[in-house]
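In the working numbering, the protein residues as written are -11 to 705.
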């Protein structure tokens, strides 16, 4: 019984909306009634949502209208009336437009069926909520502009393609002095009555079992007034005209039009599915059942495909009718059958009664029903406060749809939405993690002051997964955050190795000369004394170097032209004073230009400020936190290999933590692991990797550092 009541309520709404939205599609009103009948019957058998109402929708109607007016404009159907005047052959034009709408609908339905069969139901997720809301808001503006000619009773020229909305609005404004006053009076009276009735519905909704059918009352009253007041003959108010009774026979659509409407059909398929699945999932979540996204694609596709054979145009779920169906107690799609019966009776018997209905009344119904979509402009304020990127997407979608028309606007919006995703993944947040004392938590040290860096260990994390678009940026960020310029350090190390080899070769040649000299029988006294003095001098220099044996510190200084680096001899860490560093003598400091190769050695030291002076330690381990990565491609795998190989050359170990099982599998398939890079470098968490690093290298190679609380309550190292 509840489905029956809900179906009657929705069926009453189908009648005025079907005829009104047919005007948006530039089709005769009776085809809006057909569209409210056949697709609802098909969806009853194949759909999985219990509460949505399938039928005409303003956005899809205006999208179909843009196609029909582009391929069947009035200028193609001009004919002479015998008095040197030309007029439009309306029957021939409408017949051609019906064929265009049917072909577009069938092709859109076939696209939906194919996508559903290949499990492409997730394609609707690429139409985010800001995109859909902005698109429907702009489409509502198109619908309003398209109805202005009926409200003011003017006949503006038709425009298609980009900026057609601007040209049409300009044309209507120029024709305002020619406004047909009786038509405008009918429009204003209808709008006022509809708004008052809807506000009354909202006020009395808790007390009414079913809402007041304001739209049905409006068209019935307007039809009676027009019929008995002879508005068409006496005041030339445009009316609906002939509405044939009975059902039309099915016809095969004109397949030759498929090539011209392919893009429009694809846009219709995506928008219709996005609107329907969003409404379906909303009601399913509220009432505790599941909606199959792929099955919904198939159901919607079959509704459009079979409906196209009966001269229907594209359909989807209507927000207003679905809310009425759910709020009046509808529990299953039997409500859709009940509403289809109401439409069927109207088509068979009651259709001719609406022949005197003014078109201005239908335009007023469209105008008032779009009020909810115009409220979506409040999204701009909400998104400004919550998410600037979504706000930009909303504005780009709205502007592109307003200027480039509905098909090109949707394409531009989708491209921009994908660009925002790429932009976000290409520019993630890179951070160094520190440990929260007394826990196993590791957080960003820049945003959490309580986090402390673990000496000798750098923990690096990216907020996005690493793939081909940001792999190079990941490596650069690792260099910057760690303070280690790998390429320069490797170059410096290799030069130092080359110097060491040259020293060894010189030592070998010197040893050979000494052996030859020892084998010589005769040495002059002067040569022996000279040799002894040289050896004594070298020994003294060696002893002096051993006594000084301090840590090399890097002190940056800045000049107007370029930075300079001073290498200073420091004291032992056990000392509590580093006064020698603050005022170096000429013999203790060597100043080099930043272009010198010796400046590369500054990256070999990590300098940190402690409570007792300047302490130094080297980075011996780097932990890459990959817990945010849900996949890894071949480019990222090569980048990771390079990181391991490069850091190993400067004696820094690299480990990966938090890898998901799928990421590990992709690393295996990409041949990431080898004899040097084994799975021993993988750890389930950052804390496990930190413990291993401290046990493996931290305790043996580096002093132990502990945090303690001083007498004044401050934490010191």
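For each residue, glycine too, the CB sits at the ideal point set by N, CA and C.
Alpha-carbon spacing of residue i relative to residue j, whole angstroms
i, j, result
"residue 242", "residue 350", "30 Å"
"residue 368", "residue 391", "19 Å"
"residue 332", "residue 25", "7 Å"
"residue 3", "residue -6", "15 Å"
"residue 469", "residue 668", "25 Å"
"residue 32", "residue 120", "26 Å"
"residue 191", "residue 185", "10 Å"
"residue 264", "residue 271", "11 Å"
"residue 576", "residue 494", "Residue placement at residue 576 is flagged as unreliable, the pLDDT there being 39, under the threshold of 50; a coordinate-derived value is accordingly withheld."
"residue 175", "residue 277", "43 Å"
"residue 36", "residue 114", "21 Å"
"residue 615", "residue 203", "56 Å"
"residue 425", "residue 284", "52 Å"
"residue 618", "residue 30", "40 Å"
"residue 188", "residue 177", "16 Å"
"residue 443", "residue 428", "16 Å"
"residue 371", "residue 379", "5 Å"
"residue 436", "residue 640", "27 Å"
"residue 201", "residue 182", "10 Å"
"residue 483", "residue 106", "59 Å"
"residue 22", "residue 197", "29 Å"
"residue 94", "residue 645", "52 Å"
"residue 309", "residue 269", "16 Å"
"residue 224", "residue 84", "26 Å"
"residue 357", "residue 135", "12 Å"
"residue 385", "residue 61", "27 Å"
Beta-carbon gap between residue i and residue j smaller than 8 Å
i, j, result
"residue 124", "residue 47", "yes"
"residue 116", "residue 405", "yes"
"residue 449", "residue 613", "yes"
"residue 643", "residue 671", "yes"
"residue 77", "residue 87", "no"
"residue 706", "residue 262", "Past the boundaries of the shown model lies residue 706; the chain is included only from -11 to 705, so the question cannot be answered."
"residue 304", "residue 45", "yes"
"residue 207", "residue 345", "yes"
"residue 157", "residue 133", "yes"
"residue 287", "residue -9", "no"
"residue 14", "residue 74", "no"
"residue 678", "residue 445", "yes"
Candidates the options: closest to residue i by CA position
i, options, result
"residue 28", "40, 636 and 198", "40"
"residue 328", "-1, 658, 663 and 298", "-1"
"residue 387", "150, 189 and 288", "150"
"residue 465", "485, 419, 502 and 427", "419"
"residue 414", "372, 382 and 463", "463"
"residue 471", "641, 607 and 457", "607"
"residue 5", "684, 628, 353 and 641", "353"
"residue 16", "75, 80, 58 and -4", "80"
"residue 360", "8, 140 and 307", "307"
"residue 330", "246, 1 and 74", "1"
"residue 169", "195, 215 and 348", "348"
"residue 685", "609, 628 and 657", "609"
Proximal residues to residue i (C-beta, below 8 Å), its chain only, five neighbours per side dropped
i, result
"residue 343", "227, 228, 229, 230 and 231"
"residue 51", "127, 252, 255, 256, 259, 302, 394 and 395"
"residue 129", "153 and 390"
"residue 381", "116, 118, 119, 122, 401, 404, 405 and 408"
"residue 99", "253, 254, 257 and 289"
Cβ-heavy atom distance, residue i to the ligand SAM, below 7 Å
i, result
"residue 461", "Here there are no bound small molecules, and the ligand SAM is not part of this structure."
Beta-carbon contacts of residue i that lie in its chain and below 6 Å, excluding the five residues immediately before and after
i, result
"residue 624", "454, 455 and 459"
"residue 452", "413 and 416"
"residue 339", "231 and 233"
"residue 548", "Reliability of the predicted coordinates at residue 548 is poor, the pLDDT of 42 falling under 50, and the value obtained from them is presented with this limitation in mind. Nothing meets the Cβ criterion."
"residue 159", "144 and 145"
Integer Cβ distance of residue i from residue j, believed to fall under 8 Å
i, j, result
"residue 398", "residue 97", "Contact doesn't hold; Cβ gap of about 18 Å is too wide."
"residue 355", "residue 154", "The Cβ separation is near 20 Å, so there is no contact."
"residue 91", "residue 249", "6 Å"
"residue 321", "residue 38", "6 Å"
"residue 312", "residue 199", "6 Å"
"residue 611", "residue 674", "6 Å"
"residue 478", "residue 637", "5 Å"
"residue 101", "residue 293", "7 Å"
"residue 110", "residue 315", "Their Cβ separation, rounded to whole angstroms, is 30 Å, which puts residue 110 and residue 315 out of contact at 8 Å."
"residue 297", "residue 238", "4 Å"
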